[in-house]
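Beneath this line is the structure, given in structure tokens, with notes to follow.
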Amino acid sequence: MCGIAGYIGPRTGKDLRDLLIDELLGRVEYRGYDSAGVAFVDGANLSVVRAAGKVKELGGAIGDREIGTPFIAHTRWATHGPANEANAHPQTSCRGHVAVVHNGVIDNWKALRKALERRNHVFRSETDTEVLAHLIGEYLNGDPLEAVRSALSEVEGTFGIAVLFQDYPDLIVVARRGSSISIGLGDGELFVASDPRSFRSFTDRHVVLEDDQIAVVKLGQEELLIQDIDQVPVSVKVEQIELTVDEIEKGNHDTYMGKEICQQPDSLAQTLGGRITADGRVKLGGLEDHLDALRLAQYIILTAAGTSFYASMVGEILFQEVSGLPARAMNASELAGQKHPVFPEQTLAWALSQSGVTTDTLCAMKILAEMQIPTFGICNAVGQDIARTTQAGVYCRAGVETGVASTKAFTSQVAVLQLVSLYLRQLRGLPWDEGCQRHLSGLQAVPEIVRRIIDQREVIQHIAEPYRFATDFYFLGRGILYPVAMEGALKLKEVSYVHAEGYSMAGMKHGPIALIEPRFPTIVLVPKNDENYAHNLTNVQEIRARGGPVIAIATEGDEEIADLVDDVIFVPKVMYYLMPLVYVIPLQLFAYYIAKKLGRNVDQPRHLAKAVTVG
Ligand code: AGP
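This note's numbering puts the first residue of the sequence shown at 4, with every later residue one more than the last.
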């Protein structure tokens with residue numbers, strides 16, 4: 004996923020430069036940050052400045068130079084070609100009279116490039132995007148909109164693009180197929196972005212392009228000129244941006260990840276709010292028009308990627324044990340590649356995603372749709388492709404998550420899965436017993452339990468930091484805590500670049516224990532009220548017997564485990580199904596503090612992007 008930004012307006016000089024670097028491009032940098040660039044009208048020419056590295060490197064490359072408007076800019080997550088200056092966007096036509104920034108993947112770029120080279124076009128990058136600049140340049144003949152439309156008619160794949168023209172220095176042309184593009188309506192100025200948070204500080208009104216729409220962004224127009232790819236005019240729908248300015252700021256935190264970890268008591272309360280009735284039942288308005296499909300389901304598939312996949316693994320256990328339905332969590336990155344998966348009759352699927360745009364998850368959903376399997380969504384970002392593609396769903400309501408490493412979205416996804424599993428139990432007419440009431444009341448108490456853990460974060464920091472020198476970790480969990488062990492390992496890998504492996508507590512002795520030695524710490528999740536507590540203690544002793552340091556996440560007051568391990572982080576006691584919501588918090592903080600101590604950029608870890616919109 005990449006970040007696109009553009010501007011037309013009266014700003015100049017340092018104000019314009021700061022607008023570009025600190026606001027418009029800086030706020031979409033979470034989408035990818037391998038390289039950055041800007042193209043702007045500079046008198047009679049189109050000037051381009053690009054730099055490998057983060058947006059601040061672009062600022063350095065611009066130096067004291069004046070930039071002009073309109074400008075289009077880009078921060079890249081590399082797909083085709085290494086993250087260097089030559090492959091940075093904007094990419095330009097041979098004559099340099101057309102500049103393009105692009106988010107997405109052009110599937111037929113090689114064929115297009117060969118054809119263009121046969122027509123003597125000279126390429127200077129390894130990107131798929133460059134073919135667009137040459138194509139548009141070739142078609143340009145008096146009408147920029149037509150040139151873009153003609154070029155896009157040859158393109159297969161996805162795009163969100165902004166195009167700048169040397170000979171039309173008062174406009175930007177934008178187009179979209181599969182990668183979001185918004186047009187911000189400011190006071191005497193216009194903005195373009197792949198995510199409205201780019202310009203949210205300057206306006207709360209925008210127009211969101213739909214797939215296969217093209218628009219001319221130009222000051223002084225009565226209204227925007229938007230057409231579909233077949234030249235049919237499209238009515239302009241101005242929308243309110245739901246984001247608040249506070250949501251896109253760090254507040255009194257020095258990182259988004261730190262802010263979002265600490266937001267979890269509130270984000271969880273938001274997730275649960277209004278969804279548990281006074282008489283102790285679950286109410287999910289987004290599902291009420293689909294009760295038959297939900298009731299008829301005899302088998303549940305959950306599919307997602309990364310952290311969301313680990314949440315779906317928790318869901319597999321909840322649907323089986325709470326809803327009484329056979330269930331299977333399938334990694335979307337694997338399901339997307341399966342040619343002929345087989346599912347039983349009356350299968351119903353759930354797709355989980357924070358961003359709502361993950362390509363692997365969308366591809367997995369396409370396979371399920373081709374098999375006529377109804378798919379429901381559990382997403383955090385509103386109105387994105389996954390949410391729009393599912394029959395219905397339940398939004399996480401965790402609020403904007405900017406840190407690339409997902410934290411509050413994970414706990415909100417798990418909280419939604421708690422609600423949905425109980426809701427399905429209700430629908431299927433299974434006994435609503437004291438256990439269900441305890442489950443619901445326990446769930447309502449989770450936000451404050453999480454707050455208690457976060458209030459102790461300095462204790463966790465004190466335990467975590469000495470382990471920053473380790474180069475390998477195991478994270479071990481059993482049952483519903485096995486996915487949490489996987490998630491804890493991913494968090495540490497993502498933000499600290501330290502190798503970590505999540506593994507089944509019980510499975511560890513079947514080989515992986517060979518790696519244990521004093522330099523190789525293991526984090527174990529060992530709740531006192533887990534029916535496998537004794538087995539877990541045995542597994543801990545097997546590690547200690549081989550000299551492996553052990554850090555336990557354990558139940559408050561459990562002195563037995565404390566005597567066995569090197570360090571222990573206590574958490575309040577909760578029932579089995581709710582454990583993932585509580586045990587993941589220390590793991591998020593553990594990863595966060597080690598990464599900070601190692602001097603990592605926890606909000607934008609190397610090689611990553613907030614959402615992976617390529618296959
Ligand atoms: C999580 O910390 C990672 N950033 C990554 O694994 C992420 O969970 C995955 O790419 C899925 O993203 P999604 O939830 O937006 O679909």
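Heads up, the beta-carbon is just placed ideally off N, CA and C, and yes, glycines get one too.
Helix, strand or coil at residue i [DSSP, three-state]
i: P236; result: strand
i: C265; result: helix
i: E504; result: strand
i: S358; result: coil
i: S96; result: coil
i: T274; result: helix
i: D687; result: Past the edges of the chain, shown from 4 to 618, lies residue 687, and the structure says nothing about it.
i: N539; result: helix
i: W435; result: coil
i: C382; result: strand
i: L193; result: strand
i: W80; result: coil
i: S204; result: coil
i: E563; result: helix
i: K59; result: helix
Cβ-heavy atom distance, residue i to the ligand AGP, below 7 Å
i: A614; result: yes
i: L493; result: yes
i: V407; result: yes
i: T310; result: yes
i: L611; result: yes
i: S183; result: no
i: T274; result: no
i: E504; result: no
i: T393; result: no
i: Q357; result: yes
i: E263; result: no
i: A307; result: yes
Rounded C-alpha distance that separates residue i from residue j
i: E351; j: R428; result: For the sequence presented, residue 351 should be read as Leu rather than Glu. Their backbone Cα atoms lie some 15 Å apart in a straight line.
i: V235; j: V41; result: 31 Å
i: L493; j: L422; result: 25 Å
i: E26; j: R20; result: 9 Å
i: G187; j: A418; result: 34 Å
i: T280; j: K286; result: 7 Å
i: Q301; j: E348; result: 7 Å
i: L297; j: T525; result: 41 Å
i: K411; j: E404; result: 7 Å
i: V617; j: S424; result: 31 Å
i: G402; j: A390; result: 16 Å
i: V574; j: A557; result: 6 Å
i: R400; j: L590; result: 22 Å
i: L495; j: T361; result: 22 Å
i: Y579; j: N532; result: 8 Å
i: G327; j: G491; result: 28 Å
i: V553; j: L479; result: 10 Å
i: G9; j: W112; result: 24 Å
i: D282; j: G318; result: 25 Å
Classification of residue i by the beta-carbon crowding that lies within 10 angstroms, buried from 16 upward
i: P85; result: exposed
i: P93; result: buried
i: Y36; result: buried
i: A565; result: exposed
i: D472; result: Sequence inspection shows Phe at residue 472; the Asp mentioned does not correspond to that position. Answer is exposed; the Cβ neighbour count stays below 16.
i: Q416; result: buried
i: H137; result: buried
i: Y500; result: exposed
i: E461; result: exposed
i: D233; result: exposed
i: D295; result: exposed
i: R180; result: buried
i: K599; result: buried
i: Q224; result: exposed
i: E213; result: exposed
i: D388; result: buried
i: A367; result: buried
| query | Does the segment 561-574 touch the segment 529-546, meaning 3 or more C-beta pairs lie closer than 8 Å? | reply | The segment 561-574 and the segment 529-546 touch, with three or more beta-carbon pairs separated by less than 8 Å.
| said: Would you call the segment 30-49 in contact with the segment 94-109, where contact means no fewer than 3 C-beta pairs closer than 8 Å? | reply: With a cut-off of 8 Å, the segment 94-109 and the segment 30-49 count as touching, because enough Cβ pairs lie within range.
| field | contact_flag[the segment 438-448, the segment 301-308] where n(CB pairs < 8 Å) is 3 or more | value | The segment 438-448, when compared against the segment 301-308, does not touch it at the 8 Å Cβ threshold.
| said: Quick check: the segment 445-463 against the segment 344-362, are at least 3 beta-carbon pairs closer than 8 Å? | reply: Short answer: they don't touch.
| query | Any contact of the segment 7-24 with the segment 185-193, i.e. 3+ C-beta pairs under 8 Å? | reply | Judged by pairs of C-beta atoms under 8 Å, the segment 7-24 touches the segment 185-193, as three or more such pairs exist.
| Can we say the segment 113-125 touches the segment 65-80, given the rule of at least three CB pairs closer than 8 Å? | Contact fails: fewer than three Cβ-Cβ distances are below 8 Å.
| field | Stretch-stretch touch, CB-based, cutoff 8 Å, three pairs: the segment 516-529 with the segment 333-348 | value | No, the segment 516-529 does not touch the segment 333-348.
| message | Could you check whether the segment 265-278 touches the segment 241-248, counting it as contact only if at least three pairs of C-beta atoms, one from each stretch, sit closer than 8 Å? | response | No: fewer than three Cβ pairs fall under 8 Å.
| query | Are there three or more Cβ pairs, one per stretch, closer than 8 Å when the segment 198-205 is compared with the segment 166-175? | reply | No: fewer than three Cβ pairs fall under 8 Å.
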